[in-house]
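There are 2 protein chains.
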Amino acid sequence: MRVAEPTVERLVQYYRLLGQLREEGRLVVSSQQMGEMLGIKASQVRKDLSYFGEIGKRGVGYHVDRLYDHVSSILSSPGVWRLGLVGVGHLGYALLGHSAFRSDKFRIEALFDVDPSKVGQVINGVECYHLDQMPQVAREKGIEVLILTVPGSSAQACVDMAVKSGVIRGILSFAPTPLVAQDDILVYRVDISVELEKLLFFLKGGAGV
Amino acid sequence: MRVAEPTVERLVQYYRLLGQLREEGRLVVSSQQMGEMLGIKASQVRKDLSYFGEIGKRGVGYHVDRLYDHVSSILSSPGVWRLGLVGVGHLGYALLGHSAFRSDKFRIEALFDVDPSKVGQVINGVECYHLDQMPQVAREKGIEVLILTVPGSSAQACVDMAVKSGVIRGILSFAPTPLVAQDDILVYRVDISVELEKLLFFLKGGAGV
DNA sequence: ACGTGTGAAAATCTTCACAGCG
DNA sequence: CGCTGTGAAGATTTTCACACGT
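Which chain is which? The protein sequence lines are A and B, in order. Number 191 in the UniProt record's numbering belongs to position 191 of the first sequence; there are no gaps in the numbering. Number 167 in the UniProt record's numbering belongs to position 167 of the second sequence; there are no gaps in the numbering.
Structure representation (structure tokens):
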């Protein structure tokens, strides 16, 4: 069965929460309680979890350890993903050290930039190559996913290179530009300014002018 | 009429695109063409734009300048928003210099941190205060919106302070934690690791295990 | 003839409400 | 009894299809 994107988004949150509860030594949790802690309706929690089989106990709730392992296996990867990070500016550097990028599910294997002062350096324990070498390095190192933290003006060029490399399957872009790629490359975007604009739009009241 | 969030998200993209087209000196564009450039269906473009009145010309398309001004006024703010940025780590610093934060719609008026080596400094042209002073500084400077780039462990504490300040109306958080606030404070979240997890989930094929 | 504007249909996502099991 | 699992209802968002103005 196909799992919807909003469901996956929430699964990641359940996973984090369960990790915490597990550390606190909690044994059991109900959909109601999870919902309250995450700002999600209990019925939504139950529906999300039910897509992957009956894992709770009626009249009791969910066994924290068991549910954690279960969600973990849903989100698990076949192996360790190898990532490349393109654009070692402030944002790229911030992500390199960011807690979101500390996981045993993936590893940043290479950096790419065009700045001669960065190429050849080892930054945060990862070697930086010239962008031109990206397709080759990606093939050599088995990199399948790219994080783009380049200016909008060069984002599409990076995507085109990724396509040509033949090995990149997914791209997470932080550039504020639309990207076109073949259908077999999965592109996700995090657009910071859009989020800020949305916030301000609804703050001012939502209507026009 | 209430405007849906997905619509606002696309409006921001139309706005950017129209800005480019305008600079290129283009006079007219169709919903079909805008859609192709942004990866959005033409019918969706037309529906989004039609919420705000009849602005296109049948048989012709949209007049670029006119549509640009129109979308601009929809997204416009009553004045210049004053923002505070909490947490001047790598990510906070990156955002400070980020192109997304260069706009005449808002201005970052103050930074906040707990690190003594940052408090009192002027970073990127903006003064950094101790987090404890946030409610007071926010009131003095008319800050209504906060950007949170703090570790997850302190994000909720920042929200609580913001609530107590009495003047904060919106928060954009980059922390990977759920946040609870009163209903009159609008909270948006950008969760980088969730986006990456989603990408990897659908890359591996979407199903469980 | 062409491309917008828009009701209506379709698809997607969320919430309800309750049967059923521990 | 309490809480899950789930079909059905409801809400929201996208897509279709075509009437209409230029």
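Each residue gets a CB set at the ideal place from its N, CA and C atoms; glycine is no exception.
| message | Between the alpha carbons of leucine 21 of chain B and aspartate 65 of chain B, how many angstroms are there, rounded? | response | Taking the first residue of the second sequence as 1, we reach residue 21 of chain B at position 21. Taking the first residue of the second sequence as 1, we reach residue 65 of chain B at position 65. So the alpha carbons of these two residues sit roughly 9 Å apart.
| Which term fits serine 173 of chain B, buried or exposed, when burial requires 16 or more other beta carbons within 10 angstroms of its beta carbon? | Counting from one through the second sequence, the residue named residue 173 of chain B turns up at place 173. Result: buried.
| said: Taking CB distances under 8 Å as the criterion, tell me whether valine 209 of chain A reaches chain B. | reply: As a position in the first sequence, residue 209 of chain A is number 209, starting the count at 1. With a pLDDT of 49 at valine 209 of chain A, under the threshold of 50, the predicted position of this residue should be treated as unreliable, though the coordinate-derived value follows. So yes, valine 209 of chain A belongs to the interface.
| message | Please report the distance separating the alpha-carbon of aspartate 104 of chain B from that of glycine 142 of chain B. | response | As a first step, residue 104 of chain B must be located in the second sequence, where it is residue number 104. As a first step, residue 142 of chain B must be located in the second sequence, where it is residue number 142. So the two alpha carbons sit approximately 16 Å from each other.
| Taking 8 Å as the CB-CB limit, is residue 218 of chain B close to chain A? | Here chain B comprises residues numbered 1 to 209, so residue 218 of chain B is not present and cannot be evaluated.
| request: Output the residue ranges of the beta strand (DSSP E) runs that lie fully inside the UniProt domain "CoA-binding" (79-178) of chain B and measure 3 residues or longer, sorted by chain position. | output: 81-86, 106-113, 126-130, 145-148 and 170-173
| query | By the criterion of Cβ-Cβ separation under 9 Å, what are the contact partners of tyrosine 188 of chain B in chain A? | reply | Within the second sequence, numbered from 1, the residue matching residue 188 of chain B stands at position 188. Near tyrosine 188 of chain B (Cβ distances below 9 Å), the residues of chain A are Glu195, Leu196, Lys198, Leu199 and Phe202.
| arginine 102 of chain B versus A:Ser193, A:Glu140 and A:Gly205, residue with shortest Cα-Cα distance | Here residue 102 of chain B is taken as the residue at index 102 of the second sequence, counted from 1. Residue A:Ser193 is the option with its Cα nearest to arginine 102 of chain B.
| request: Could you pull out every residue in the same chain whose Cβ sits closer than 8 Å to the Cβ of lysine 118 of chain A, ignoring the five residues on either side in sequence? | output: Counted from its first residue, the first sequence places residue 118 of chain A at position 118. So the qualifying residues of the chain are Val88, Leu111 and Cys128.
| query | Of all the options A:Gln136, A:Ala175 and A:Pro178, which has the alpha carbon lying nearest to the alpha carbon of alanine 162 of chain A? | reply | Residue 162 of chain A sits at position 162 when you count from the first residue of the first sequence. Comparing Cα positions, the closest option is A:Gln136.
| Taking contact to mean at least 3 C-beta pairs separated by less than 8 Å, is the stretch 53-68 of chain B in contact with the stretch 51-59 of chain A? | no
| query | Under the rule that 16 or more other beta-carbon atoms within 10 Å means buried, what is glutamate 195 of chain B, buried or exposed? | reply | Here residue 195 of chain B corresponds to residue number 195 of the second sequence, with the count starting at 1. Counting Cβ neighbours within 10 Å, glutamate 195 of chain B comes out buried, since at least 16 surround it.
| task | Say whether chain B places a C-beta atom closer than 8 Å to the C-beta of leucine 38 of chain A. | result | Stepping through the first sequence from its first residue, residue 38 of chain A is reached at position 38. Interface residue, yes.
| said: According to DSSP, is valine 209 of chain A part of a helix, a strand, or is it coil? | reply: Position 209 of the first sequence, counted from the start, is the residue given in the question as residue 209 of chain A. Unreliable placement is indicated for valine 209 of chain A, whose pLDDT of 49 sits below 50; no coordinate value is reported for it.
| request: Report yes or no: is there a C-beta of chain A within less than 8 Å of the C-beta of glycine 142 of chain B? | output: By 1-based counting over the second sequence, the position of residue 142 of chain B is 142. By this cut-off, glycine 142 of chain B is not an interface position.
| task | List the residues of chain B whose Cβ lies closer than 7 Å to the Cβ of leucine 91 of chain A, in chain order. | result | Counting from one through the first sequence, the residue named residue 91 of chain A turns up at place 91. Within 7 Å Cβ-Cβ: Ala94 and His98.
| query | Does arginine 22 of chain A get closer than 8 Å to chain B when you measure Cβ to Cβ? | reply | Walking along the first sequence from the start, residue 22 of chain A turns up at place 22. No, because no Cβ of chain B sits closer than 8 Å to the Cβ of arginine 22 of chain A.
| message | Counting C-beta neighbours from all protein chains within 10 Å, is the total for alanine 175 of chain B 16 or more, i.e. buried, or is it exposed? | response | Looking up residue 175 of chain B in the second sequence gives position 175. Label assigned to alanine 175 of chain B: buried.
| field | Delimiting residues of the alpha helix (DSSP H) encompassing valine 71 of chain A | value | Residue mapping note: residue 71 of chain A aligns to position 71 of the first sequence, counting from 1. Looking at the DSSP string, the run of the alpha helix (DSSP H) that includes valine 71 of chain A is 64-75.
| task | Below 6 Å CB to CB, which residues in the same chain sit around glycine 61 of chain A once its five sequence neighbours on both sides are set aside? | result | Counting from one through the first sequence, the residue named residue 61 of chain A turns up at place 61. Contacts found: Val28, Val29 and Ser30.
| said: I'd like to know if glycine 206 of chain A contacts chain B, where contact means its C-beta is closer than 8 Å to some C-beta of that chain. | reply: As a position in the first sequence, residue 206 of chain A is number 206, starting the count at 1. Yes, because at least one Cβ of chain B sits closer than 8 Å to the Cβ of glycine 206 of chain A.
| query | Measuring CB to CB, does leucine 131 of chain A end up less than 8 Å from valine 86 of chain A? | reply | Here residue 131 of chain A refers to the residue found at position 131 of the first sequence. Here residue 86 of chain A refers to the residue found at position 86 of the first sequence. Yes, they are a contact pair.
| field | Range of the contiguous alpha helix (DSSP H) that encloses valine 194 of chain A | value | By one-based count along the first sequence, residue 194 of chain A stands at place 194. Where valine 194 of chain A is concerned, the enclosing alpha helix (DSSP H) stretches over 192-203.
| task | Check whether the Cβ of leucine 172 of chain B lies closer than 8 Å to any Cβ atom in chain A. | result | Numbered from 1 along the second sequence, position 172 holds the residue referred to as residue 172 of chain B. Yes, because at least one Cβ of chain A sits closer than 8 Å to the Cβ of leucine 172 of chain B.
| Own chain partners of isoleucine 108 of chain A with C-beta closer than 6 Å, once the 5 adjacent residues on each side are dropped | Here the question's residue 108 of chain A lines up with position 108 in the first sequence. Cβ neighbours of isoleucine 108 of chain A beyond the five flanking positions: Leu83, Leu85 and Val126.
| field | As assigned by DSSP and simplified to three states, the class of arginine 2 of chain A | value | Walking along the first sequence from the start, residue 2 of chain A turns up at place 2. In the structure shown, arginine 2 of chain A sits in coil (DSSP, three-state: anything other than H, G, I, E or B).
| Rounded to whole angstroms, how far is the Cβ of arginine 10 of chain B from the Cβ of isoleucine 40 of chain B, which I believe are closer than 8 Å? | Taking the first residue of the second sequence as 1, we reach residue 10 of chain B at position 10. Taking the first residue of the second sequence as 1, we reach residue 40 of chain B at position 40. With 8 Å as the limit, arginine 10 of chain B and isoleucine 40 of chain B qualify as a contact, their Cβ atoms being about 6 Å apart.
| task | Can you say whether glutamate 197 of chain A is buried or exposed, counting buried as having 16 or more other CB atoms within 10 angstroms of its CB? | result | Reading the first sequence from its first residue, position 197 is the one you call residue 197 of chain A. Buried: at least 16 other Cβ atoms inside 10 Å.
| Interface partners of glutamate 109 of chain B on chain A, CB under 7 Å | The residue you call residue 109 of chain B lines up with position 109 of the second sequence. None at all; the shortest Cβ gap to chain A is about 15 Å.
| task | Excluding the 5 residues preceding and the 5 following glutamine 121 of chain B in the sequence, name in chain order all residues of the same chain whose CB lies nearer than 8 Å to its CB. | result | Here residue 121 of chain B refers to the residue found at position 121 of the second sequence. The residues are Glu127 and Cys128.
| message | Please report the straight-line C-alpha distance between valine 209 of chain A and serine 76 of chain B, rounded to a whole angstrom. | response | By 1-based counting over the first sequence, the position of residue 209 of chain A is 209. By 1-based counting over the second sequence, the position of residue 76 of chain B is 76. Note that valine 209 of chain A scores a pLDDT of 49, beneath 50, so its modelled location is shaky; the value from the coordinates is reported in the next line. Distance between the alpha carbons of valine 209 of chain A and serine 76 of chain B: 6 Å.
| Close beta carbons around phenylalanine 106 of chain B, own chain, < 8 Å, minus the five adjacent residues each side | Counted from its first residue, the second sequence places residue 106 of chain B at position 106. If we look at phenylalanine 106 of chain B and ignore the five residues flanking it on each side, its Cβ neighbours are Ser77, Val80, Trp81, Arg82, Leu83 and Val145.
| List, in order along the chain, the chain A residues whose C-beta lies closer than 7 Å to that of serine 43 of chain B? | Taking the second sequence and counting its residues from 1, one reaches residue 43 of chain B at position 43. By Cβ distance, chain A contributes nothing, its closest Cβ being about 18 Å from serine 43 of chain B, past 7 Å.
| field | Pairwise C-alpha distance: aspartate 69 of chain B and glutamine 156 of chain A | value | Position 156 of the first sequence, counting from 1, holds the residue named residue 156 of chain A. Position 69 of the second sequence, counting from 1, holds the residue named residue 69 of chain B. Taking the straight line from one Cα to the other gives about 27 Å.
| query | In chain B, what lies closer than 8 Å to isoleucine 55 of chain A by C-beta? | reply | What you label residue 55 of chain A is simply residue 55 of the first sequence in a count that begins at 1. Those do not exist, as isoleucine 55 of chain A stays about 11 Å from chain B at its closest Cβ, beyond 8 Å.
| said: Residues in the same chain with beta-carbon distance under 7 Å from glutamine 182 of chain A, minus the five sequence neighbours each way, listed in chain order, please. | reply: Your numbering for residue 182 of chain A matches position 182 in the first sequence. So the list reads Val163, once near-sequence residues are dropped.
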